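Worksheet for the structure shown next.
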Amino acid sequence: MIVELKSVTGIMPKLFQSQVISYLKASKVKTGLLINFGNTSCEVKRFSV
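Have a look at this one:
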């Protein structure tokens, strides 16, 4: 599993999601998490390829 941590206020740009998907494809790992700690609550998105 790949875990990408970010600290961005507001809405997470699509670029971050594209990064995680690229990491998954390049490493041949099936599952990844994109976690943003920048807002008042933690936002977690799960990806699989």
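Everything in the sequence shown is counted per this note's numbering, starting at 704 for the first residue and increasing by one.
Note that the Cβ used here is the ideal one computed from N, Cα and C, for glycine as well.
From a predicted model like this one, the values you see are computed outputs, not experimental measurements.
Please state the DSSP three-state secondary structure of residue i.
i	result
I714	coil
S751	strand
K728	helix
From residue i to residue j, what does the alpha carbon distance come to, in whole angstroms?
i	j	result
A729	V723	10 Å
C745	G735	16 Å
V747	I738	5 Å
G741	K717	16 Å
S725	M704	13 Å
Would you mind giving the Cβ-Cβ distance between residue i and residue j, rounded to the nearest angstrom? I have them listed as a contact below 8 Å.
i	j	result
S751	K733	6 Å
Going by DSSP, name the residue or residues bridged to residue i.
i	result
N739	K709, E746
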